[in-house]
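The structure under discussion appears below in the form of structure tokens.
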Amino acid sequence: GKGYDVINISDFMVHILAKQDYLQTIDHEALSNIKRLNKYFLNQAYDPGNRYSVPHKWFMYGIVYDKTFFKCRPDQINLGFIFESPQNIFARGFVKNPYKICMLDSPQDAFFFAAKYLFGHASDLTSDQCKQIEKLLIDQKQWVECYTLYSIEYFMITKIVPIALSARTFARKMWHEKSKFEFVIPKEGGILVVENLAIPKHSQKKQLASQFINFMISDRIAMLNGSFYGWASANKKANQFVDQRY
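Numbering (the numbering used here), first residue to last: 910 to 1155.
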């Protein structure tokens, strides 16, 4: 973190970096706008009392798909459409023809979803269960067109793939292009990611860094971020100004 005064880190990394003494403690007295944040995102398990981090946005991982390709309702879309052979999905009459998918390029997230699909949970896994997950992900490679998060817009708008495991924010981009795309949280569940602002241990500008964090979580800036980039904000007021589809 040398050379940086404010960093953006996901929830699980807050715990890791704080434990390794890479983060400064947060001065809550310097953050007048912290009261503007949704209490749901404060005092989470990864940082009790928000000693090292300040939540400023969040998003969900789920499934984005082409509604004109799949013959089913949104509540019928599940992780089977990602992890089961498309030949089997085709044989059951859910699609016009077999297909390829875009899969998450994060091994950690891929492992989580595979575990949810196979066992309904992703914690306290046995060695045998881990081997089953490994086999599932290796078998899945047969129908993966690309492992990607940031490029699904290209693959789906050009009709290379009709479905992807991805983040909601990328589905927003496609809605501006085509109305035929839908985003759903599969019945097995998704991943809620909270993005946080933090101050690296090496920063010599804690006061200025705190002012910047306070600026980022203010109503006006949170609203601008939400409406322009499509982030769901940790700021309570900001989400009132984001299109409800998002």
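Idealized CB from N, CA, C, for every residue including glycine. None of these values were measured; they are calculated from a predicted model.
Relative to the C-alpha of residue i, which residue among the options is closest?
i, options, result
"P1168", "V923, P1095, E993 and E1104", "One cannot answer for residue 1168 here, as it falls past the ends of the chain, which runs 910 to 1155."
"P1071", "D984, F990 and V963", "F990"
"V963", "I986, I1010, F1092 and E1104", "E1104"
"I900", "L1046, T1078 and I1047", "Limits of the chain in this structure are 910 at one end and 1155 at the other, which puts residue 900 out of reach."
"Q1116", "I918, Q933 and K911", "Q933"
"R982", "K1114, I1094, M969 and V915", "I1094"
"A1076", "S1015, I1108 and Q1113", "S1015"
"V915", "K1110, M1132, F1137 and F1150", "K1110"
"L1046", "L1013, L1133 and M1065", "L1013"
State the start and end residues of the unbroken beta strand (DSSP E) segment that holds residue i.
i, result
"S1075", "I1072 to A1076"
Beta-carbon within less than 8 Å of residue i's beta-carbon, same chain only, minus the 5 sequence neighbours each way: which residues are those?
i, result
"V1004", "F978, F979, K980, P995, I998 and P1071"
"I1042", "F1020, A1023, A1024, L1027 and L1034"
"D1165", "Here the chain comprises residues numbered 910 to 1155, so residue 1165 is not present and cannot be evaluated."
The alpha helix (DSSP H) that contains residue i, what's its start and end?
i, result
"I1010", "Run containing I1010: none in the alpha helix (DSSP H); it sits in the beta strand (DSSP E), I1010 to M1012."
"P1016", "P1016 to F1028"
"F1137", "D1128 to Y1138"
Quick check on residue i: buried or exposed, where buried means 16 or more other Cβ atoms within 10 Å of its Cβ?
i, result
"C1011", "buried"
"K911", "exposed"
"R1081", "buried"
"S1112", "buried"
"I925", "exposed"
"K966", "buried"
"F1090", "buried"
Keeping to the same chain, check which residues put their C-beta closer than 7 Å to that of residue i; ignore five residues upstream and five downstream.
i, result
"G971", "R1077, F1092, V1093, I1094, P1095 and G1099"
"L1124", "Correcting the residue type first, residue 1124 is Phe in the shown sequence and not Leu. Closer than 7 Å at the Cβ level, and outside the excluded window around F1124, lie I1130."
"N959", "I935, L951 and N952"
Give me, in chain order, the residues of the same chain whose beta-carbon lies closer than 6 Å to that of residue i; leave out the 5 immediate sequence neighbours on both sides.
i, result
"F950", "P964, V1103 and A1143"
Contained alpha helix (DSSP H) runs [length at least 4] in the stretch 913 to 999, N- to C-terminal order: List check, alpha helix (DSSP H) in window: 920 to 928 and 989 to 992.
Alpha helix (DSSP H) runs contained entirely in the stretch 1040 to 1115, provided each spans 4 or more residues: Whole alpha helix (DSSP H) segments, 4+ residues: 1061 to 1066 and 1077 to 1086.
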